[in-house]
Structure formats: structure tokens, C-alpha cells
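To keep things clear, I will list the structure first and then write my remarks on it.
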Amino acid sequence: MQRVIALVGPTAVGKSAIAVELAQALGAEIVSCDSMQVYRQMPILSQAPTHAQRVQIQHHLIDCIEPTSMCSAGQYHKMTVPIIQHILSHGKRVLIVGGTGLYLKALTQGLCDAPPADVRIREQLWSECQGVGSKQLYNRLLGVDSLAASRIHPNDARRIIRALEVYALTGKPISSWWRQASAELLPGHVTVIGIDRDRDELYARIDERLLHMIYEQGVINEVRNLLKLPLSRTVRQVHGLADIEAYLSGRVSLKDTIQAWQQRVRNYAKRQLTWFRQTPNIHWRLIPAEEHAWETAEHLLDIIRHASLQTVEARS
RNA sequence: GGCGCGGUAGCCAAGUGGUAAGGCGAGGGUCUGCAAAACCCUUAUACAUCGGUUCGAUUCCGAUCCGCGCCU
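Following this note's numbering from start to finish, the first sequence increments by one per residue and tops out at 333.
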């Protein structure tokens with residue numbers, strides 16, 4: 018059977034609980050693939066696995082970066098590869114679990130070798146963009162890298178800036194970096210399982226989860242403490258932070274805060290699904306409403322066994 | 001009961017005597033170092049009802065219904 022398996026799905030679909038059951042059955046350790054659970058001091062906001070779950074199964078890449086500093090797909094990749102190799106070298110399996118599509122892609126397909134973000138150049142380009150507009154920068158990109166430009170929308174300031182950044186840093190267009198084979202971690206060796214639920218049910222779960230976070234888990238207090246810190250730019254993007262901050266400042270009622278936050282997360286879940294749908298060779302399972310985590314885990318085991326057989330057949 | 005204001009798509013909301021912006025939502029998509037981000041596409045024979053004026057009314061007039069506010 019495959020030694021590296023990934024379990025992905027939208028937020029609130031029930032990944033963490035299912036992952037623990039599945040990891041137990043597989044004899045695997047869990048490697049998180051979540052851009053927010055990597056940070057410390059925000060376990061509620063990021064809905065990280067519970068202490069009990071982490072005692073049951075060893076989890077990695079959770080609770081390991083201060084919220085004042087910044088993680089990125091590249092940094093995540095750099096941290097994670099050795100950990101996976103280490104686990105495998107001990108004869109255990111790896112279960113990658115998470116909802117951050119880009120991080121999973123970085124892990125399974127690698128990133129190109131272009132240099133990481135350069136804060137100074139990026140800020141310069143960004144302020145320039147705000148002055149003259151993204152179309153201007155896009156035209157410049159068109160001049161130096163028409164291939165990249167053809168794949169980036171003129172309104173997509175972020176990617177235009179990244180492309181120009183790489184060009185400024187290396188003198189080579191970003192598309193030429195794309196062409197270079199990146200160091201793949203485990204080419205073709207990862208079985209990806211996607212879990213999903215009926216859309217209405219998923220949205221209802223999201224709505225309930227946020228209420229639970231507010232009324233049972235005490236997110237508001239967690240946010241209050243976080244706000245005392247000089248949070249990194251990435252951390253400031255966590256869903257709920259800005260909403261609760263507005264509530265704490267008295268500008269917004271609790272009711273409106275919750276509604277805005279719920280809406281944000283529902284939209285996010287949809288985007289996650291869009292991402293995972295295009296993941297090559299992903300195996301989906303639609304979870305029925307009353308199915309228990311351990312039942313789902315059993316179904317997933319079947320799927321994994323099947324997928325492994327197919328891979329073996331394909332190779333011989 | 002009287003007076004005033006309002007009734008435009010699932011919601012909010014512009015507007016015009018020649019059949020009507022936009023936003024939200026919803027659905028789909030893109031994604032190579034901020035990704036819980038950013039960006040793109042699609043979406044509705046929607047003008048409360050009935051009459052009248054008019055070549056033509058969502059727009060003007062009248063009545064009716066509903067909502068809101070004020071007055072009695």
C-alpha cells in the first residue's frame with residue numbers, strides 16, 4: 018500500500034477526526050497541510066486538532082510558528098520534506114491532512130526554484146501598483162515575459178507582482194523558472210483522498226462551528242490576546258480575526274459579526290473545493306450526514322487499497 | 001381614521017415617458033513562495049395590484065393592497 022496518503026477537503030467537513038481514525042488504521046503520523054494551524058497561539062481560530070487528538074496520533078506542522086512571523090508555501094515545503102522523510106525512514110506511513118491547496122501542491126509537486134519573496138522589491142512594486150494600477154505593471158510584464166503574462170489576468174496584481182519580482186531578482190522571466198523541473202518530493206506516490214458533504218449540510222456545519230467557537234470555546238478571548246501582538250501579515254488574514262476585532266472595538270454588533278464571519282468561511286469552503294477538484298488523481302468520498310468518523314475512515318481505507326492496486330497494475 | 005414616505009431579481013439598491021445600473025448572495029473557474037489570500041466567468045422575461053392618460057408607462061394620474069413613520 019502507498020506510504021504517503023493525503024486527506025483533503027473543505028473546512029468543517031470533519032477532516033481532523035477522520036484523520037485520527039485513519040492514521041490509526043494505517044499506522045501513520047499526521048503531517049498537517051494548513052496555512053493557519055502552523056501558527057501558535059491561535060488553536061481555536063484555526064481549529065487545530067485537539068490536545069486529545071494530538072496525544073492519540075503524532076501531528077506535525079501544527080503550532081510551530083509564532084503568529085508574529087510569516088510562513089509561506091516555500092517555507093512550509095522546506096520544513097515539511099525532512100519531516101516526512103524522517104517518518105518514512107522509521108517505517109511509518111504519512112498521512113497529510115489539510116485544506117490548503119497550494120501547500121499540498123508544493124509538497125506533492127514541488128515549487129519551481131525561483132527565489133522566495135523579497136520584501137523590499139515586493140513593497141516597492143505594490144506601492145507602484147497602487148499608484149498607477151495593475152494594468153501598467155501588466156504591460157511591463159508583457160514586455161519582459163509574454164508567456165507569464167498570457168497566464169495572468171491584468172487585474173491579478175498579486176501574480177503580476179510576483180512575476181516582476183522574480184524578474185527583478187534574477188533577470189530571468191518567471192516562466193523560464195516554471196519550465197525548470199522542480200524537485201518533486203514523491204512523484205506519483207501520493208494517494209489523494211478528498212472528502213466532501215452535501216453543500217447545504219457543509220454550510221450548516223460551518224455556521225454551527227463558528228457559533229461553537231464563540232459561545233463554547235472562547236475565540237473572542239483568544240483574539241483579544243492575539244491582537245496584543247504585532248501579528249504577521251499572513252496571520253492577519255485568518256477568518257474571524259478582523260470580524261471579532263471590529264466587534265471588540267464596538268463598531269459591529271455580535272450578530273452582524275457572526276454573520277459576516279460565517280459568510281466568509283462559507284465562501285472559502287467553496288474555493289477550497291474548486292481547488293481540490295482539479296487535483297490530479299484525487300479520489301472523492303461524499304460523507305452522508307450521520308456517518309461516524311470511524312465509519313468514514315473504513316470507507317477511505319477501501320478507497321486507498323483500491324487506489325494502490327490500480328497503481329501497481331499501472332506500473333506492471 | 002387622517003397625513004407623509006415607500007413597495008424594482010433570493011437580499012440590498014440606482015434609475016428612466018421608449019421594457020432597467022451596481023453590490024451581496026449563489027454556481028463555476030484560475031492558482032508555481034502573502035493562498036483562511038488574490039483574481040476571473042456565469043446567474044434572473046425584477047419595476048406590488050387594477051384601471052386611466054399616452055403612439056408607448058416601471059416612470060405621469062387615480063383607486064386598491066402591503067410596509068414604515070407621524071398625527072388623532
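Ideal Cβ placement from N, Cα and C applies to all residues, glycine included.
Model, not experiment: these values are computed from the prediction.
At least 8 Å separates the beta-carbon of Ile82 from that of Glu46.
Along the region 135-185, the alpha helix (DSSP H) occurs as fully enclosed runs of 4 or more residues at 136-149, 151-161 and 163-168, listed in sequence order. When C-beta atoms of the region 62-74 are compared with those of the region 314-326, fewer than three pairs fall below 8 Å, so the two segments do not count as touching. Straight-line measurement puts the Cα of Glu315 at about 42 Å from the Cα of Ala134.
Contact check for Ile22 and Leu112: beta-carbon distance about 5 Å, within the 8 Å limit, so the pair qualifies. The bridge partners DSSP lists for Ala23 are Ile113 and Val209. By the neighbour-count criterion, in which a residue is buried when 16 or more other Cβ atoms sit within 10 angstroms of its Cβ, Ala174 is buried.
In this structure, the alpha-carbon of Arg281 lies about 31 Å from that of Val207. In the DSSP assignment, the residues bridged to Ser49 are Val114.
The alpha-carbon separation between Ile212 and Glu233 amounts to approximately 26 Å.
Per DSSP, the beta-bridge partners of Tyr56 are Ile82. A direct Cα-Cα distance of roughly 5 Å separates His300 from Ile210.
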